[in-house]
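Below is one structure, written out as structure tokens, with a few remarks after it.
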Amino acid sequence: MGDFKRTIHLLKELLVRIPLILKTLVLHGIQMSPVKGKQDIRTELTTSIIRSFMTFSAPVDKTQRSSMRDPGIKGPMWVSKVTLPQPEFDVRDAVIRAIEDLKTTGNETFDMPPIAAVEAEWTGYRSGVGKKTPQPDLSEEEKYHELRRESPSDMTILYFHGGAYFLMDPCTHRVPVAHLSRLTGAPVLSVRYRLAPQNPFPAALVDALTAYLSLIHPPPGALHKPVPANKIIIAGDSAGGNLSLVLLQTLLTLKRASRPVCFHGQEVNIELPAGVATISPWCDMTHAMPSIIRNKNYDYLDMKVVPSDDPDEPAPASPLPFPPGSIWPVTPPRVDMFVNANMMLHPLTSPLAAKPELWKDAPPVFISTGEELLTDEGLILARRMHKAGVPVVAEQFEGMPHCHGILMISTPTGKRFFKSLSEFCRDAAAGRVKPTGLWTWFEHGLQLSLGYPFEKVSEIDDDQVDIRMRKAAGWRVRDEEALLKEWRAQAKL
1 MGDFKRTIHL
11 LKELLVRIPL
21 ILKTLVLHGI
31 QMSPVKGKQD
41 IRTELTTSII
51 RSFMTFSAPV
61 DKTQRSSMRD
71 PGIKGPMWVS
81 KVTLPQPEFD
91 VRDAVIRAIE
101 DLKTTGNETF
111 DMPPIAAVEA
121 EWTGYRSGVG
131 KKTPQPDLSE
141 EEKYHELRRE
151 SPSDMTILYF
161 HGGAYFLMDP
171 CTHRVPVAHL
181 SRLTGAPVLS
191 VRYRLAPQNP
201 FPAALVDALT
211 AYLSLIHPPP
221 GALHKPVPAN
231 KIIIAGDSAG
241 GNLSLVLLQT
251 LLTLKRASRP
261 VCFHGQEVNI
271 ELPAGVATIS
281 PWCDMTHAMP
291 SIIRNKNYDY
301 LDMKVVPSDD
311 PDEPAPASPL
321 PFPPGSIWPV
331 TPPRVDMFVN
341 ANMMLHPLTS
351 PLAAKPELWK
361 DAPPVFISTG
371 EELLTDEGLI
381 LARRMHKAGV
391 PVVAEQFEGM
401 PHCHGILMIS
411 TPTGKRFFKS
421 LSEFCRDAAA
431 GRVKPTGLWT
441 WFEHGLQLSL
451 GYPFEKVSEI
461 DDDQVDIRMR
471 KAAGWRVRDE
481 EALLKEWRAQ
491 AKL
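For the sequence shown, position 31 matches number 31 in the UniProt record's numbering, and the numbering has no gaps at all.
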């Protein structure tokens, strides 16, 4: 019955969009599309339809609930739901210490999150079943053992879903995660980290560290055996890519300080993973890079930025215009759902703000992007990591929107993306990733791929990157201070 209702709802939504679909088909057919030569008709339709849903017409609480709707578990996947027990406060305190170590101005502020248990899903490929085959009536432990039987690799992937830190859930990413498990032979632990605005920075990072340590040091009652750190690949898309990168930076910071963490009764030393794989990662909270404007025709994302007359200036960003609801706006007010404005230049919120030396000794990193709003920040971060000696595998697909690979798995570009991603995961776990000094550009249609030096990812040098980010962050701080001033004045009345 649930599938029938979802189908009817989808048909209604598509009927409303018939004029958009027809317009897109006509313009594409007569070669007058704004993405001419960059997107095929399937990609253009997918991008246009997803963009049409970015209306911000419902309150955040309703939008959040809708984005987390569970589609059920069926088809070629195993899913075993688990809860990672609440650890000691030392896990949270370790994150706080890393935040303090990496502060640049000393004026950064954040909410102190409570420590909590973390829900997650073990996900793996299930062979020999059709797309609509339901999962058998087994216990979570039995499903986990079936999953492990079909996931023979000694590697484990720790996955963080995207959704701008306030949307979506592991249940929305089961299909691409199960596909990644199929290609790598690895089980995937997909984490239900706490979402903003109810749980702003650094709650998600505390949950991420809890999940990572739980893999290496299984808590009491865990289904899995200990996973060596050098057999863990941390991965994620969009905001999950951000979370993957800031978790890596947290681990690097704690390891440099030689600070053990108390975890379920034992003192554990910080160990680094085998690698980090990111899909269209969100690396700049300030939205200051030129691709935010330059690539808007090819993407469905809407960052609500106002184009600047000066191409050397960042574009001012406005808060997403959601109507008021039960969880947003918050008190005291802030301009961003996830983070205080004065934290936007911190390396644990914007990985692009980290100086190259902060990435020293990092394991191999994979960054894949389309021709999207976030392109510049991902590729420039790859350049900074390369300067620090990190083995970086970076690629860009011409004309492709945000997270195209996991949205369009069966397309040629989707298959090429997953080939790169799965190869990186296997190679990183085997210690085979070596620096090449090149990133790869894939032409639309995949007829041509070229390797370029990392110095060629952008005409903007590191100094200009820092200047743009500082300006954009300064505007957000100014706007937030104005909100706080108004709120304080109202509180006195």
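Think of the CB as a built atom: it goes at the ideal place given N, C-alpha and C, for glycine as much as any other residue.
Suppose the cutoff is 7 Å on Cβ atoms and the five residues either side in sequence are ignored; what does the same chain contact list for Pro351 look like? Asn242, Leu245, Val246, Gln249, Cys283 and Leu381
Considering Arg192, what are the terminal residues of the beta strand (DSSP E) in which it resides? Val188 to Arg192
Using the C-alpha atoms, what's the distance from Val433 back to Glu119? The alpha-carbon atoms of Glu119 and Val433 are separated by roughly 32 Å.
Is the number of C-beta pairs between the segment 350–367 and the segment 267–281 that are closer than 8 Å three or more? With the cut-off at 8 Å, the segment 350–367 and the segment 267–281 touch.
For Glu313, the three-state DSSP class (helix, strand or coil): coil
Count the other C-beta atoms from every protein chain shown that fall within 10 angstroms of the C-beta of residue 495, then say buried if there are 16 or more, exposed otherwise. Lying before the first or after the last residue shown, residue 495 is absent from the chain, which here runs from 1 to 493.
Arg259 to Arg17 span [Cα, whole Å]: Those two C-alpha atoms are separated by around 55 Å.
Let me confirm a value: Ala117 is counted as buried when at least 16 other C-beta atoms fall within 10 Å, else exposed. Which label applies? exposed
For Lys255, which of helix, strand or coil comes out of DSSP? helix
Figure out for me which residue from Asp462, Ser420 and Val330 has the closest Cα to the Cα of Thr184. Closest option to Thr184, Cα to Cα, is Ser420.
How should Arg174 be labelled, buried or exposed, when 16 other C-beta atoms within 10 angstroms of its C-beta is the threshold for buried? buried
Length of the line joining the Cα atoms of Leu252 and Trp359: 8 Å
Paired residues, beta bridge with Met77 - DSSP: Tyr125
Please name the residue or residues paired with Asp237 in a DSSP beta bridge. Per DSSP, the beta-bridge partners of Asp237 are Ile279.
Can you give, in chain order, each stretch of the alpha helix (DSSP H) that sits fully within the segment 335–369 and has at least 4 residues? The segment 335–369 contains no whole alpha helix (DSSP H) run of 4 or more residues.
Could you pull out every residue in the same chain whose Cβ sits closer than 7 Å to the Cβ of Phe160, ignoring the five residues on either side in sequence? In the same chain as Phe160, and ignoring 5 residues on each side of it, the C-beta atoms closer than 7 Å to its own belong to Val191, Tyr193, Ala208, Gly236, Gly240, Leu243 and Ser244, in chain order.
CA-to-CA distance, Lys456 to Ala317, given in whole angstroms: 27 Å
Tell me the DSSP secondary structure of Thr210 in three-state form. helix
Could you tell me the distance, in whole angstroms, from the CA atom of Ala437 to the CA atom of Gln396? Note that residue 437 corresponds to Gly in the displayed sequence, not to Ala. Cα to Cα, Gly437 sits roughly 15 Å from Gln396.
With DSSP as the reference, label Cys403 as helix, strand or coil. coil
With which residues is Phe397 paired in a DSSP beta bridge? Phe442
Taking DSSP's pairing of strands, which residues face Val261 in a bridge? DSSP lists Val268 as partners of Val261.
Which of the three DSSP states is assigned to Met1 in this structure? Unreliable placement is indicated for Met1, whose pLDDT of 47 sits below 50; no coordinate value is reported for it.
Whose C-beta lies closer than 6 Å to the C-beta of Ser308 among residues of the same chain, with five residues either side of it excluded? Ala315
Ala120 by DSSP, collapsed to three states: which one? It is a strand residue.
Taking only three categories from DSSP, how would you classify Leu11? helix
Buried or exposed for Phe166, please, with buried defined as at least 16 other CB atoms from any protein chain shown within 10 angstroms of its CB. buried
Can you give the Cα-Cα distance for Val229 and His217, rounded to whole angstroms? First, the residue type needs correcting, since residue 229 is Ala and not Val in the sequence shown. Each residue's Cα considered, the two are about 10 Å apart.
Could you give the DSSP three-state label for Ile467: helix, strand or coil? helix
Give the DSSP-derived three-state secondary structure of Gly451 in the structure shown. Looking at Gly451 - three-state DSSP - the assignment turns out to be strand.
Per-residue burial, Gly124 [other beta carbons within 10 Å of its own, 16 or more giving buried]: buried
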